[in-house]
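Step one of this worksheet: look at the structure below.
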């Protein structure tokens, strides 16, 4: 095996990039949670009493 | 093994600095507010009731669908947005969001808004929303905007669909009433945008967008503004004539229409570069007020009718 210096590049983000990424992550999390909650209660509102009628 | 940090400003290293607010701006918030408002009014007018949460979901989906088409528009139009003063600071030409990111954002929002509207409300409104997004992003943005001076006449239909979607969400139908609401916005769009295009002539010229004033000339544009103003003033009173708004609304709409017509007449007769396009600016300002007040009047009346009757 040839000898040599094995280097690996990595990315060091600037503070502004880190801050922007964190802000985006928080908003995505909030939107996803809101979407799940909306579908959960929306399904109940749409189906009403029929939610209990499940054919076996 | 050594680890080297990469310069994140290098061209081949794409690390986004976009803030959530940049993505929000991609959705054209001001257009979204208008969409929410007109869709909400038509839902109030519709002869049906809806669970408040389902109603909220319907408006949310319609507004996000509108936002999605705004993002797709900004993805495709980034090249011309960059050379126009009014649009140069939009997220894609300003460099805060890449064109690919805008495209992904628009496509994802389109799919989610249409599917959610279909599953939670009804499929007719979802189909209309999907068609609206397609109409705005493909028919208007990709095709008409750069090829014909009648771009905003036909493209204006995209902005006119939201009340029809709201009506369909409530009733599951498309009726004459919802077509009248569609017609009001559809006929309002050309004089609104052509008044803007007259005093922003240079902007559109620089971007090579064939707006009516720089293709057919100012005279022809002023003629057409007047024709559309007459049609708009008439269509504004149709809700009262067809009986889904009161005679008081009819009188109010007729007065507003007369004012719109008067300002358009001034643009037709007196408007010119010599007086700093002051008549065109006045008409443009009033057109925004007109649409807001017409729909507000319909909405207030619908609320009163729901409370009283």
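Protein chains in written order, with this note's numbering: chain A, 1 to 56; chain B, 1001 to 1309.
Even glycine gets a Cβ: it sits at the ideal position worked out from N, Cα and C.
So with CB distances below 8 Å, who are the chain A contacts of residue i?
i, result
"residue 1018 (chain B)", "20 and 24"
Per DSSP, residue i forms a beta bridge with which residues?
i, result
"residue 1227 (chain B)", "DSSP lists no partner for residue 1227 (chain B)."
Compute the minimum distance between the beta carbon of residue i and the heavy atoms of the ligand MN, and state whether it is under 7 Å.
i, result
"residue 1253 (chain B)", "This structure lacks the ligand MN, and indeed carries no ligand of any kind."
Mind pulling the chain A residues with CB within less than 7 Å of residue i?
i, result
"residue 1051 (chain B)", "45"
"residue 1057 (chain B)", "38 and 42"
Between which residues of its own chain and residue i is the CB-CB distance below 8 Å, once the five residues before and five after are set aside?
i, result
"residue 1221 (chain B)", "1194, 1197, 1198, 1212 and 1213"
"residue 1168 (chain B)", "1122, 1124, 1125, 1128, 1174 and 1178"
"residue 1277 (chain B)", "1198, 1199 and 1271"
"residue 1040 (chain B)", "1059, 1166 and 1299"
Determine the chain A residues that contact residue i at a beta-carbon separation under 9 Å, and present them in chain order.
i, result
"residue 1120 (chain B)", "38, 39, 42, 43, 45 and 46"
"residue 1054 (chain B)", "42, 45 and 46"
Within 10 angstroms of its Cβ, does residue i collect 16 or more other Cβ (buried), or is it exposed?
i, result
"residue 1269 (chain B)", "exposed"
"residue 47 (chain A)", "exposed"
"residue 1032 (chain B)", "buried"
"residue 1047 (chain B)", "exposed"
"residue 18 (chain A)", "exposed"
"residue 1001 (chain B)", "Note that residue 1001 (chain B) scores a pLDDT of 48, beneath 50, so its modelled location is shaky; the value from the coordinates is reported in the next line. Classification for residue 1001 (chain B): exposed."
"residue 1153 (chain B)", "buried"
"residue 1100 (chain B)", "exposed"
"residue 1022 (chain B)", "buried"
"residue 55 (chain A)", "exposed"
"residue 1104 (chain B)", "exposed"
"residue 1 (chain A)", "Low confidence applies to residue 1 (chain A): its pLDDT is 46, below 50, so where it sits in the model is not reliable, and the reading given next is rough at best. Counting Cβ neighbours within 10 Å, residue 1 (chain A) comes out exposed, since fewer than 16 surround it."
"residue 1043 (chain B)", "buried"
"residue 1028 (chain B)", "buried"
"residue 40 (chain A)", "exposed"
By Cβ distance below 7 Å, which residues in the same chain neighbour residue i in space, the five residues on each side in sequence not counted?
i, result
"residue 1216 (chain B)", "1149"
"residue 1077 (chain B)", "1141"
"residue 1229 (chain B)", "1191, 1260, 1261 and 1264"
"residue 1226 (chain B)", "1264, 1265 and 1268"
"residue 44 (chain A)", "51"
"residue 1239 (chain B)", "1180, 1245, 1249 and 1298"
"residue 1157 (chain B)", "1135 and 1186"
With a threshold of 6 Å on Cβ separation, who are the neighbours of residue i within its own chain once the five nearest residues in sequence on each side are excluded?
i, result
"residue 1018 (chain B)", "1096 and 1097"
"residue 1266 (chain B)", "1279"
"residue 20 (chain A)", "none"
"residue 1151 (chain B)", "1144 and 1145"
"residue 1085 (chain B)", "1203"
"residue 1072 (chain B)", "1106 and 1137"
"residue 1081 (chain B)", "1087, 1090 and 1093"
"residue 1118 (chain B)", "1126"
"residue 1251 (chain B)", "none"
In chain B, which residues lie less than 9 Å from residue i when you measure between Cβ atoms?
i, result
"residue 33 (chain A)", "Chain B residues near residue 33 (chain A): none, gap ~15 Å exceeds 9 Å."
"residue 17 (chain A)", "1008, 1015, 1016 and 1017"
Please give the ranges of any alpha helix (DSSP H) in the stretch 1051 to 1139 of chain B, keeping only runs that are unbroken, at least 4 residues long and fully inside the region.
The stretch 1051 to 1139 of chain B contains these whole alpha helix (DSSP H) runs: 1052 to 1076, 1078 to 1083, 1091 to 1094, 1099 to 1120 and 1123 to 1134.
Segments of 3+ residues assigned as beta strand (DSSP E) that fall wholly inside the stretch 1244 to 1270 of chain B
Counting whole runs of 3 or more residues, the stretch 1244 to 1270 of chain B contains no beta strand (DSSP E) stretch at all.
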